[in-house]
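Let me begin by presenting the structure, written as structure tokens, before commenting on it.
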């Protein structure tokens with residue numbers, strides 16, 4: 093491709109409405125343009141990368157035995173009513189009516205449609221297992237679309253759905269898909285982690301997320317420094333400390349703390365280390381038979397953070413987790429948040445494992461402006477439950493038993509689930525089993541955010557000059573930049589010859605044949621992130637040489653013209 | 093691919109709601125399934141064909157210098173308001189509101205979005221011409237979706253849009269796209285015609301449709317037997333007959349025709365040949381300055397059909413064309429339709445060229461139940477205009493001057509337009525011209541119905557056994573059918589070896605490894621329409637032979653096992 097005949101669309105300035113680096117660079121490198129909030133047109137170079145990601149995903153799906161189909165974007169409401177999600181799904185589900193006023197959804201996911209298809213087409217256990225996928229435009233009407241294609245309203249997804257007779261069979265396909273996902277991200281050239289994940293509203297039991305590691309990631313991932321263990325921090329178990337609780341040495345003592353309502357203020361004003369204090373959070377408890385919700389206290393060591401998902405899943409706690417209102421706390425505890433503690437509480441108390449091994453610690457005295465020191469479990473507080481309530485922190489022992497945890501930020505680009513029978517039961521998707529009886533199928537589902545991968549790859553691979561593409565998904569593998577081409581006979585001759593040789597060798601090459609200053613051309617090629625740039629200049633031509641620049645390392649190498657094609661093809665196709 | 097691991101989904105019975113053969117065969121061959129009215133899921137084999145069509149279209153677009161982009165399905169209403177089409181477009185434009193109640197359209201076409209993109213990105217004549225295309229899901233909320241994917245609500249289209257400074261430049265790109273479209277349909281292996289077409293509501297001047305010829309086609313196409321001339325019948329000019337009008341020989345004579353209100357009744361009851369009578373249709377005339385519409389008479393030879401588009405475009409005729417109501421005709425002419433004729437009419441009279449060379453002819457006498465015979469132009473009727481008003485018929489001279497016209501049915505699968513400045517003017521899409529002044533761009537647009545091609549190809553290529561795919565778009569190029577595989581050692585051995593050899597040779601091969609009777613397997617392969625089937629049976633293996641069946645010709649050939657792969661690869665890859 094020649095730049096003179098291309099829509100390069102690079103921008104010098106960073107558009108003001110782009111918050112994250114990938115969004116900024118995708119706009120500046122001419123990959124996308126905004127049509128409306130959360131809706132983007134993919135420009136030529138952006139689409140090239142998108143299609144390369146899509147091709148790798150498709151290839152690995154085919155290799156894993158999944159079969160490609162294509163389902164409509166518009167989905168009739170009745171299927172969503174059948175699964176129950178027409179009511180459950182929030183306004184992210186874009187509901188529309190056709191000209192006859194029949195209700196439809198623009199699909200954010202296709203569990204209902206595929207389950208409907210399979211219950212009609214698959215009637216016997218002999219046809220199982222089957223794994224069907226599509227690569228298709230999804231719609232989610234985000235309340236606040238942002239970060240460009242990272243959280244857009246229309247996006248490209250690969251979604252696969254597998255159907256089985258047994259959980260063993262589901263588990264085998266799940267493992268195969270887990271491997272296929274690893275292959276995908278390996279081939280994409282990205283630093284990623286498959287992590288144990290929560291199944292959330294999709295349902296099911298076992299689930300893994302695939303995260304591209306990047307400092308700007310929205311999710312925190314905990315992983316062992318000595319094994320493959322990795323989990324979304326919301327799912328990583330904080331093990332009980334491997335120590336005995338020390339025996340009490342201090343008496344329980346009440347003291348005035350009129351201006352200390354936080355762990356930090358206790359530390360500042362009273363020199364109490366956060367590791368020697370606890371924080372007590374009051375949330376609503378699970379409703380009783382009459383529908384009435386009481387309160388529950390959650391106790392954590394002062395330097396630890398509540399893991400809301402863990403609390404949310406505790407049977408004593410009302411889900412979704414909700415912090416109690418001040419008036420409810422006052423009415424039951426008699427003090428405001430900031431002076432609450434476990435001593436003398438009459439509500440259920442859940443104590444995090446790390447808080448449960450503390451001795452002689454400090455906490456609120458359940459009287460405004462007062463705390464206790466010298467608190468000891470059993471002696472001063474009884475009837476509590478010890479549970480895992482906190483987010484893991486760096487240095488915690490890994491729950492797998494090997495090594496300690498490290499924490500990195502990640503961007504979720506894939507998610508696989510063992511769904512079980514959530515949809516197949518609701519929608520009566522059964523087959524005739526080997527025993528001649530009808531049997532409900534069990535399901536898996538497997539998603540990859542194809543367009544999101546493009547943004548995540550940029551978050552992980554960029555510098556101040558622009559994008560640094562992994563070669564496998566670069567819009568172009570090589571740029572040819574002739575310097576001052578229109579002032580020379582020799583330069584265009586060599587450039588044209590090399591351009592045609594690289595094309596013949598199957599290299600995806602961009603020939604910058606614009607009448608621009610070399611600096612402008614170099615800046616554009618760096619911004620776009622092309623892995624290799626071949627510079628053709630008068631001086632080197634005198635020695636029968638051209639210069640190869642590596643975008644990632646910054647290295648420049650002189651090559652003889654005769655060996656340039658073979659050397660570069662080997663580097664790229666290697 | 094092995095059938096045992098595939099979703100073959102063939103049906104023995106023809107689904108009752110499928111009216112046309114392509115819809116029936118796409119359901120029976122397991123290519124598509126209906127999700128809701130006008131919404132179809134593409135099953136594996138259908139999607140394979142769809143993707144092959146898409147790949148050929150994309151390849152030819154790239155070769156023609158078009159650059160691929162991808163625009164959203166959801167389009168903000170304000171762009172459609174800017175072009176005026178938010179009001180003009182009927183309910184086929186599916187209008188929706190997002191969660192914030194902002195209006196959007198689900199795009200049936202993308203003129204507005206691309207014009208908005210280009211006016212922002214292209215600022216100088218130096219960046220022109222540019223031709224951008226996408227392959228994308230379109231939505232049209234058809235009032236009565238039917239014929240399967242032929243007239244669906246969601247469908248896959250390739251749409252391209254070119255931008256130019258001059259009409260000459262537009263014309264050059266238009267010619268290049270015309271050629272690219274011919275290349276596409278040549279490669280698809282379809283019998284097609286590019287035909288001169290009306291520009292309809294899209295606007296513009298020059299336009300061609302591409303039709304796949306099939307008896308079931310909705311459109312009639314007229315084409316010369318001696319040149320490349322072809323036009324949609326609505327656009328084909330009916331030349332003036334190359335004869336002098338004979339001199340009058342009969343006197344004007346009124347006669348009673350109480351029961352003859354049609355050309356056929358005149359023929360039956362009064363032995364007047366349709367070629368010797370005229371029909372006179374009364375329509376509304378163009379409105380005067382006060383907005384009042386008069387009447388206009390259209391006169392055609394009795395055996396000819398009115399071409400509504402030609403009448404519609406006449407300046408004296410109100411557009412859109414509308415037959416006058418009986419009370420209006422009675423008030424002005426004094427007679428009812430069935431007894432109308434040109435003699436003595438006081439309204440404008442438009443006479444078709446073929447009617448204008450008649451002499452001594454018969455027509456209504458403008459008195460109920462009476463006709464005139466012996467009518468002669470000029471002597472009995474004056475002040476009329478001679479124009480082209482009729483549909484051409486087989487045997488008419490070709491308007492190109494060479495040969496006579498033949499008429500065939502076609503299915504429109506492509507349409508290209510020289511749009512001119514319709515959108516660029518309304519949306520102020522201008523660039524800085526070479527002269528330093530702002531200049532409105534002129535546009536072309538070019539559409540291919542990718543999913544429609546699949547149905548059209550089947551309409552053209554089928555027999556009583558099923559589909560007969562052109563090899564280039566067959567879901568599989570070759571089927572391997574081992575007979576009674578599970579009863580033999582030798583057959584599975586040979587079949588597996590050949591399957592793996594064909595895969596290695598890059599052949600898209602379906603291995604029917606089901607435990608089915610040979611008849612079931614043959615029927616399925618014929619129904620699906622796979623161009624070649626390789627049958628492996630005991631008897632032929634005794635002679636070291638296998639049998640190759642050609643789906644189109646029905647020919648069966650014995651091949652030695654050793655030469656089978658080379659022979660078949662040569663036949664398929666040509």
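Protein chains in written order, with the working numbering: chain A, 93 to 666; chain H, 93 to 666. Don't be surprised by glycine CBs; every beta carbon is placed ideally from N, CA and C.
Please list the residues of the region 244-258 of chain A that have a C-beta atom closer than 8 Å to any C-beta atom in chain H, keeping them in chain order.
245, 246
Is there a Cβ of chain H sitting closer than 7 Å to that of residue 571 (chain A), yes or no?
Taking the first chain and counting its residues from 1, one reaches residue 571 (chain A) at position 479. Residue 571 (chain A) does not count as touching chain H.
For residue 102 (chain A), would you say it is in contact with chain H, using Cβ-to-Cβ distances shorter than 7 Å as the test?
Taking the first residue of the first chain as position 1, residue 102 (chain A) is located at position 10. Residue 102 (chain A) does not count as touching chain H.
Determine, using beta carbons only, whether residue 550 (chain A) comes closer than 7 Å to chain B.
Absent here is chain B; the protein component of the structure consists of chains A and H.
Beta-bridge partners of residue 391 (chain H), as assigned by DSSP
Walking along the second chain from the start, residue 391 (chain H) turns up at place 299. According to DSSP, which records beta bridges pairwise, residue 391 (chain H) is partnered with H:372, H:443.
Could you compute how far the alpha carbon of residue 638 (chain A) sits from the alpha carbon of residue 530 (chain H)?
The residue given as residue 638 (chain A) occupies position 546 in the first chain. The residue given as residue 530 (chain H) occupies position 438 in the second chain. Cα to Cα, residue 638 (chain A) sits roughly 42 Å from residue 530 (chain H).
Please decide whether residue 200 (chain A) counts as near chain H, where near means a Cβ-Cβ distance under 7 Å.
As a working mapping, residue 200 (chain A) is identified with position 108 in the first chain. No, residue 200 (chain A) lies away from the interface with chain H (no Cβ there is under 7 Å from its Cβ).
Please report the distance separating the alpha-carbon of residue 526 (chain A) from that of residue 532 (chain A).
Taking the first residue of the first chain as 1, we reach residue 526 (chain A) at position 434. Taking the first residue of the first chain as 1, we reach residue 532 (chain A) at position 440. If you take the alpha carbons of residue 526 (chain A) and residue 532 (chain A), they lie about 13 Å apart.
Are any of the Cβ atoms in chain A nearer than 7 Å to that of residue 220 (chain H)?
Within the second chain, residue 220 (chain H) is the residue found at index 128, counting from 1. It does not: the Cβ of residue 220 (chain H) has no partner Cβ on chain A nearer than 7 Å.
Considering Cα atoms alone, identify which of A:372, A:200, A:260, A:629 is closest to residue 425 (chain A).
Taking the first chain and counting its residues from 1, the one referred to as residue 425 (chain A) is at position 333. Ranking A:372, A:200, A:260, A:629 by Cα distance to residue 425 (chain A) puts A:372 first.
Could you list which residues in chain H have their beta carbon closer than 8 Å to that of residue 125 (chain A), in chain order?
Numbered from its first residue, the first chain carries residue 125 (chain A) at position 33. Ordered by position in chain H, the residues that pass the 8 Å Cβ test against residue 125 (chain A) are 209, 212, 213.
Chain A residues whose Cβ lies nearer than 9 Å to that of residue 97 (chain H)
Position 5 of the second chain, counting from 1, holds the residue named residue 97 (chain H). Neighbours of residue 97 (chain H) on chain A, chain order: 157, 159, 222.
Any contact between the region 540-556 of chain A and the region 262-271 of chain A? By contact I mean 3 or more CB pairs, one from each, below 8 Å.
no
With DSSP run on the structure shown, which of helix, strand or coil describes residue 239 (chain A)?
Numbered from its first residue, the first chain carries residue 239 (chain A) at position 147. Note: residue 239 (chain A) maps to coil in three-state DSSP.
Do residue 233 (chain H) and residue 282 (chain H) have their C-beta atoms closer together than 7 Å?
Working through the second chain from its first residue, we reach residue 233 (chain H) at position 141. Working through the second chain from its first residue, we reach residue 282 (chain H) at position 190. Contact flag unset, no.
Run down chain H in chain order and give the residues with a C-beta less than 8 Å from the C-beta of residue 132 (chain A).
Along the first chain, read from residue 1 onward, the residue named residue 132 (chain A) stands at position 40. The answer, in chain order, is 164.
Which runs of the beta strand (DSSP E) spanning at least 3 residues fall entirely within the region 547-599 of chain A, listed in chain order?
570-574
Closer than 7 Å between beta carbons: that is the criterion. Which residues of the region 170-185 of chain H meet it against chain A?
183
Proximity test, Cβ basis, 7 Å: residue 233 (chain H) and chain A:
Numbered from 1 along the second chain, position 141 holds the residue referred to as residue 233 (chain H). Interface residue, yes.
Here's the rule I'm using: 16 or more other beta-carbon atoms within 10 Å means buried, otherwise exposed. How should residue 202 (chain A) be labelled?
On the first chain, position 110 is the one that residue 202 (chain A) refers to. Classification of residue 202 (chain A): buried, given that the 10 Å Cβ count is 16 or more.
When you compare the CB of residue 139 (chain A) with every CB in chain H, is at least one pair closer than 7 Å?
Taking the first chain and counting its residues from 1, one reaches residue 139 (chain A) at position 47. Output row for residue 139 (chain A): interface = yes.
When you compare the CB of residue 191 (chain H) with every CB in chain A, is at least one pair closer than 7 Å?
If you number the second chain from 1, residue 191 (chain H) lands on position 99. Yes, residue 191 (chain H) counts as interfacial toward chain A.
If the cut is a Cβ gap below 7 Å, which residues of chain H does residue 135 (chain A) touch?
In the first chain, counting from the first residue as 1, residue 135 (chain A) sits at position 43. Result: 161.
Residue 205 (chain H) versus chain A: which residues are under 8 Å apart at the beta carbon?
Translated into the one-based positions of the second chain, residue 205 (chain H) becomes position 113. Within 8 Å Cβ-Cβ: 127, 133.
Beta strand (DSSP E) runs wholly inside the region 512-549 of chain A, at least 3 long, in chain order
522-524, 530-532, 534-541
Residue 168 (chain A) CB to nearest chain H CB: under 7 Å?
Locating residue 168 (chain A) in the first chain gives position 76, where the first residue counts as 1. For residue 168 (chain A), the answer is yes, since a Cβ of chain H falls inside 7 Å of its Cβ.
Measuring CB to CB, does residue 491 (chain A) end up less than 7 Å from residue 561 (chain A)?
The count along the first chain starts at 1 and reaches residue 491 (chain A) at position 399. The count along the first chain starts at 1 and reaches residue 561 (chain A) at position 469. Contact flag unset, no.
Same chain, Cβ closer than 7 Å to residue 359 (chain A), five either side skipped, listed in chain order
Working through the first chain from its first residue, we reach residue 359 (chain A) at position 267. Around residue 359 (chain A): 365, 366.
Name the DSSP beta bridge partners of residue 624 (chain A), please?
As a position in the first chain, residue 624 (chain A) is number 532, starting the count at 1. Note: residue 624 (chain A) sits in a beta bridge opposite A:570, A:642.
Between A:607, A:336, A:555, which lies nearest to residue 580 (chain A) when the distance is taken from Cα to Cα?
As a first step, residue 580 (chain A) must be located in the first chain, where it is residue number 488. Closest option to residue 580 (chain A), Cα to Cα, is A:607.
Write down the C-beta distance between residue 614 (chain H) and residue 498 (chain H) rounded to the nearest angstrom, noting that I regard them as a contact closer than 8 Å.
The count along the second chain starts at 1 and reaches residue 614 (chain H) at position 522. The count along the second chain starts at 1 and reaches residue 498 (chain H) at position 406. The pair is not a contact, with the Cβ atoms about 38 Å apart (cut-off 8 Å).
Around the Cβ of residue 573 (chain H), are there at least 16 other Cβ atoms within 10 angstroms (buried) or fewer (exposed)?
In the second chain, counting from the first residue as 1, residue 573 (chain H) sits at position 481. So residue 573 (chain H) ends up on the buried side.
Let me see if you follow: with CB-CB separation under 7 Å, is residue 545 (chain A) close to chain H or not?
Numbered from 1 along the first chain, position 453 holds the residue referred to as residue 545 (chain A). No - not a single Cβ of chain H is within 7 Å of the one on residue 545 (chain A).
Taking the alpha carbon of residue 93 (chain A) as the reference point, which residue from A:101, A:444, A:601 has its own alpha carbon closest?
What you label residue 93 (chain A) is simply residue 1 of the first chain in a count that begins at 1. Cα-wise, what sits closest to residue 93 (chain A) is A:601.
Residues of its chain near residue 196 (chain H), where Cβ-Cβ distance is below 8 Å and the 5 sequence neighbours each way are ignored:
The sequence position of residue 196 (chain H) within the second chain is 104, counting from 1. The answer, listed in chain order, is 166, 167, 168, 169, 187, 188, 189, 190.
Does DSSP classify residue 465 (chain H) as helix, strand or coil?
Against the second chain, residue 465 (chain H) aligns to sequence position 373. Strand at residue 465 (chain H).
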